[in-house]
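**Q** Structure below; questions to follow.
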Amino acid sequence: MSLASRLKIGINDFRPQFAMLLALLGVFLLAPFIIVNLVNSNYLLASGIFVVVVTFIYLNFIIRRNHKRVKLVGWIIAPIMLPILLFAFSQLGIKGALWLYPAVIVLYLVIPIIPALIINVVLVIAVTLMAINLLDTDIAIRLVASLTAVNVFIAGFIFVLEAQQRYLKHLALTDQLTGLRNRTHLHAKVEELLALANRAKTPTSLISLDLDLFKRINDTYGHAEGDESLKALAKLLLERIRKTDMAYRMGGEEFLLILHDTDLKGALNLAEELRSKIEKSAEIRTTSSFGVALYQHGETFSECLKRSDDCLYQAKNSGRNCVVTNEVEVER
């Protein structure tokens with residue numbers, strides 16, 4: 000498994016893994032009840048359970064092929080499972096109601112929390128109306144109260160889990176000092192970026208940049224001032240690039256810009272503008288060197304990044320404070 004694939008598994012929604020587990024578990028738990036209901040001549044309910052089992056098998060296959068389809072899976076499960084659950088409740092009474100609890104959990108784990116909450120509220124209302132006629136009052140009250148409690152607990156758990164996941168994802172993909180994207184984000188998204196560039200058939204440019212003699216800032220003014228210089232540079236980059244562009248801190252004082260729908264001339268103009276502003280900035284306190292490369296359709300991202308890095312190294316070796324592309328220095 001590639002690094003990008005492992006990273007994607009680590010930062011993606013938790014629902015695909017849960018959905019596959021629940022689908023397999025549902026198959027093994029429900030399959031015996033097909034036989035039980037056939038033996039009891041309850042053919043309609045047996046048919047309904049059979050449909051649910053087949054659906055679970057099919058959905059597990061879909062998710063394994065494409066994790067992004069898990070939301071579609073949730074919307075397939077809900078309209079199939081809920082009518083069968085209510086029918087089982089109407090036929091079996093409290094025995095059928097026992098299956099409502101795992102169903103509530105399944106819905107929260109395979110559907111986004113707000114739609115899942117709405118669906119489960121509708122389910123509780125339907126069960127309440129049916130319980131009034133099917134069960135003794137005290138049993139009906141206990142059923143509705145416990146089902147409501149499960150809804151509240153699971154909804155709260157999923158809400159906290161999603162918030163924690165968003166926070167951890169932010170930590171994993173963001174450079175904490177500058178607020179820019181980091182290498183982890185780059186590795187996780189690189190295939191998507193290349194696919195977009197190839198599909199759109201529009202120019203994509205890379206700018207590698209590095210603050211010159213950055214160690215002198217730390218040695219002269221202290222590491223705190225060095226951090227402020229990096230944050231000032233990050234602010235400048237974010238102010239200047241477009242929403243479709245991406246800015247990364249690659250490590251230390253090295254940064255990378257990925258510019259969508261930008262040809263070599265446009266990238267060079269931006270690099271020169273940034274170089275000039277950095278040179279004049281009282282906050283950044285140093286100059287900068289740039290390497291620019293135009294992505295060639297069909298090449299790997301690593302190949303393009305190496306070309307921009309090679310140009311950056313030539314800029315550093317050519318006296319710094321300059322922009323270089325394809326080993327040709329651009330006059331200041």
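Take numbering that gives the first Met the number 0: the final residue in the sequence shown is number 331, and no numbers are missing along the way. We put the CB at the ideal spot given by N, CA and C, even for glycine. On a predicted model such as this, the values are computed, not experimentally measured, just so you know.
(1) Could you tell me the distance, in whole angstroms, from the CA atom of isoleucine 283 to the CA atom of glutamate 227?
(2) Does DSSP put serine 287 in a helix, in a strand, or in coil?
(3) Starting from tyrosine 247, follow the beta strand (DSSP E) in both directions and report where the run begins and ends.
(4) Skipping 5 residues on each side, what residues in its chain have a beta carbon closer than 6 Å to that of proline 111?
(5) Which same chain residues end up closer than 7 Å to methionine 80 when comparing Cβ atoms and leaving out the 5 residues on each side of it in sequence?
(6) Quick one: is isoleucine 157 buried, meaning 16 or more other Cβ sit within 10 Å of its Cβ, or exposed?
(7) Smallest Cα separation from threonine 299: which of Leu205, Cys310, His222?
(8) Could you check where the beta strand (DSSP E) with leucine 210 kicks off and where it finishes?
(9) In angstroms, rounded to a whole number, what distance separates the CA positions of serine 280 and isoleucine 257?
(10) Among the candidates Val109, His184, Leu160, Gly155, whose CA atom is the shortest distance from the CA of histidine 169?
(11) Around the C-beta of isoleucine 83, are 16 or more other C-beta atoms found within 10 angstroms, so that it is buried, or is it exposed?
(12) With 16 as the cutoff for other CB atoms within 10 Å, does aspartate 135 come out buried or exposed?
(13) Would valine 323 be called buried (16 or more neighbouring beta carbons within 10 Å of its own) or exposed?
**A** Answer, in terms of the structure:
(1) Distance from the CA of isoleucine 283 to the CA of glutamate 227, rounded to the nearest whole angstrom, comes to 8 Å.
(2) Annotated three-state conformation of serine 287 is strand, per DSSP.
(3) It spans 245-250 - the beta strand (DSSP E) in which tyrosine 247 sits, taken as one unbroken run.
(4) If we look at proline 111 and ignore the five residues flanking it on each side, it has no Cβ neighbours.
(5) Excluding residues up to 5 positions away in sequence, Val51, Ala102 lie with their Cβ nearer than 7 Å to the Cβ of methionine 80 in the same chain.
(6) Per the 10 Å Cβ criterion, buried.
(7) Of Leu205, Cys310, His222, the residue nearest in Cα terms is Leu205.
(8) Boundaries of the beta strand (DSSP E) harbouring leucine 210: 203-210, taken from the DSSP string.
(9) When only Cα atoms are considered, serine 280 and isoleucine 257 end up about 23 Å apart.
(10) Cα-wise, what sits closest to histidine 169 is His184.
(11) By the 10 Å Cβ count, isoleucine 83 comes out buried.
(12) Exposed, since its Cβ has fewer than 16 Cβ neighbours within 10 Å.
(13) Residue environment for valine 323: buried (at least 16 other C-beta atoms within 10 angstroms of its C-beta).
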